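Residue numbers (this note's numbering): 529 to 1139. Yeah, the Cβ is synthetic: ideal placement off N, Cα and C, and Gly gets one too. Computed from a predicted model, the values in this text were never measured in an experiment. Below: the structure, in structure tokens.
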Amino acid sequence: MVPFLVTTTILSGAIFLTHSLSAVMFVCITFSTVILATVFSKRLSVSRKHILLWLLPIFLGAVLVSPFLVEAAPAYLGANSETFTGGVSDIRLALLSTRVLPLEWVIPLFASVVFFFLFSKKYLGKFLTVPALLLTLWIFVPMLFTQTYLVRIYTDYNRFLYFIILPLILLIALGIDHGAGFFARITDTYLTLTKKMSQTKKKISGIRSRLLPNLSRKNIYAGFTLSFLLISFSAVPIFLTPFRGVEIQSFYQTMNDARYEAIQWARYNTPVGSVFVSDALYGWWFSGFAERPTLSAVDPQYLALAREFEPAEIAKNLLDTNYVIDNELIQIREDGGYVGRHNPVILAKLNWTYFPYAFFNFNNSETEIRYRVGDELKSLGLDQLPVKEMLSKNDTEQATIVVKKGNEFFNYTQLTTVCKGLRFVNMSITLENIVNGVSLDWLDFTVSSKGKVQTLQNRTVALLDEGVKAFGQLIFDKEQPNVKLINPENPCIFELDYNLQGKTKVDVQISLTAYSVTDDLRFYQDPEITANYFNKIITENLNSSKKPISEVSSNDTLDVFKYQKAVCDWNISYIACRDPEIIPKFAGDPAFSLVFINNDVAIFMVKKPFA
């Protein structure tokens, strides 16, 4: 008993020290087993005194590491309490959108515990035994924790699945043993009968005569066991084939020589205390090995502490775009004028997920301006036009992103405005010559969008993405473009060609929206019903795009992200970027300077003063 208590006490203390969630699961499973075993002690044929001794190592282990627990437990629970209770709405909604287990997993996993009692009856002679009870609770307790969102406790529910892997492996092993034994008996019985029948014949084939002596029940059992193991390794997700193991290892193995080289450069070539920004996986390594404070762009569903949310959101936005405006009805993201990508992108706020859904995307690299200098026809991609001014301004009622570009012949000014309480975004474009003899011929946008076209008219274009139940609409308030479909299927691509008729100044106004619509299947079963339903919505939007929706609350606010302000507020000095698509955003911006680059990482320094 003494060696048992010593080893289990040390083991318990080690669990408390190394992993808080494992400690919680260990304590909950052990206490649950002890409580139920005490209740059914007679049927288990175990004395209650012996059962209660199982708790002694937990208490002794806690005493052993009590100095750590006294300091760590209040700090951890205090820091996490707001997250657990849903106080940070973004983390709560992200968890509910991405980390809740589907019913097709939950029901089979809960039901699987029945087999422990059945195998207990087969191997031990009765249904209720200590091993059956322990293994049942080993699955049951973590699975109950995956459903705690039902009582408004919020955490990463998928993490509890790690704790059921071992009992599931044991259950599969019992199933393989039982199945192999069952089929071995049947096969052996069949071979015995056929052997007796073959003895009445004069001749037995040579191959069969050589095989039959080796087909003992033991060998047949081994063959079935091997077959079931191979099937399990290839079909059951908790087992990893070598190829799958390499794939997962490669995913988590963020570090390689090039990335470590960037970290070492940062450690020895940047001032101590310089604040870096990087992506979620690389940022964790960067902060440790470079010994520099790092804002990591971690998705909210993976955050455990409320204080982690704001810096993670700043890092995510900074590594994605320059400006974000969100009025709780619609969101826009604008990369600014230094890169052709999202200029802007309109995102729908869907009612079934936390994450906005990109519906319309304008890309400067796919926008063309055709003009004349005298009689000479010229054309220019909007991404090639130099940036003159780029800013965001807002008050309590609206926010506007201003991007002004131009050359020696004309200026292009784009204002994207989001108002409080409005589903529609206003996109205002002014194209004006700055010298005589320059005339404007065409302004051509290529718009990438989701869904299929419902209505294609001179004044409006409407699309429906039936898969996610999202609807989007563009309304042309001033100049009417020629609308040309390039790809009518989802994702839909179409052109907006504005004939500027040789004018010297042109104003273009587009109102855009994207939002969730009904998920009632009655409206999607027949194309005619679908068309009638959405035609009403299209008409209503044409008449009321400038009116606030009735259900908007006076407490709703505008959430505005400006990259200039974020860099200043968080005293950010460097950006460590691994995404080749994002690198041009920083490389083209005069506020940043490229100071290091290799095959995997580019590091940009923020120029001071930054404004």
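When the alpha-carbon of arginine 987 is set against those of Ile1014, Met918 and Asn1069, the nearest one is in Asn1069.
Using a C-beta cut-off of 8 Å, the stretch 954-967 makes contact with the stretch 895-902, since at least three inter-stretch Cβ pairs fall below that distance.
Within the DSSP secondary-structure output, alanine 590 pairs in no beta bridge. Taking valine 658 as the centre and dropping the five residues before and after it, the same chain places the C-beta of Leu572 closer than 6 Å to its C-beta, in chain order.
In terms of Cβ geometry, valine 953 and leucine 1040 form a close pair [threshold 8 Å]. The shortest C-alpha to C-alpha distance from valine 593 to any of Arg620, Glu960 and Ile543 is the one to Ile543. For phenylalanine 1124, the enclosing beta strand (DSSP E) begins and ends at 1120-1125. Straight-line spacing of the CA atoms in glutamine 1092 and leucine 984 works out to 39 Å. Judged by pairs of C-beta atoms under 8 Å, the stretch 799-808 touches the stretch 822-829, as three or more such pairs exist. In the displayed model, valine 1129 falls within coil according to three-state DSSP, outside both helix and strand. Counting along the chain, no beta strand (DSSP E) covers lysine 570; the unbroken alpha helix (DSSP H) around it starts and ends at 569-572. In the structure shown, the three-state DSSP call for leucine 913 is coil. Beta-bridge partners of glutamine 1001 (DSSP): Ala990 and Thr1041.
Between tyrosine 1102 and valine 1129, the CB-CB gap reaches or exceeds 8 Å. Only residues of its own chain outside the window of five on either side were considered, and among them Ala708, Gly709 and Ala712 have a CB closer than 7 Å to the CB of tyrosine 749, listed in chain order.
DSSP links leucine 1024 through a beta bridge to Phe973 and Val1011. Your pair isoleucine 1131 and alanine 1104 checks out as a contact, with CB atoms roughly 5 Å apart and the cut at 8 Å.
Of all alpha-carbon atoms in Pro595, Leu831, Ile693 and Asn889, the one lying nearest the alpha-carbon of serine 977 is that of Asn889. The criterion of a C-beta distance shorter than 8 Å is not satisfied by alanine 660 and phenylalanine 673. Ile586 is the residue among Phe568, Leu545 and Ile586 whose C-alpha sits nearest the C-alpha of phenylalanine 559.
In this structure, the beta-carbon distance from phenylalanine 887 to alanine 998 falls below 8 Å.
Here DSSP, grouped into helix, strand and coil, assigns asparagine 850 to coil. The residues Ile962 and Val963, in chain order, have a CB closer than 8 Å to that of glutamate 936 in the same chain once the five nearest residues on each side in sequence are set aside. For serine 967, the pairing in a beta bridge is given by DSSP as Arg900. Linking valine 555 to phenylalanine 1022 through their CA atoms gives a straight-line distance of about 59 Å.
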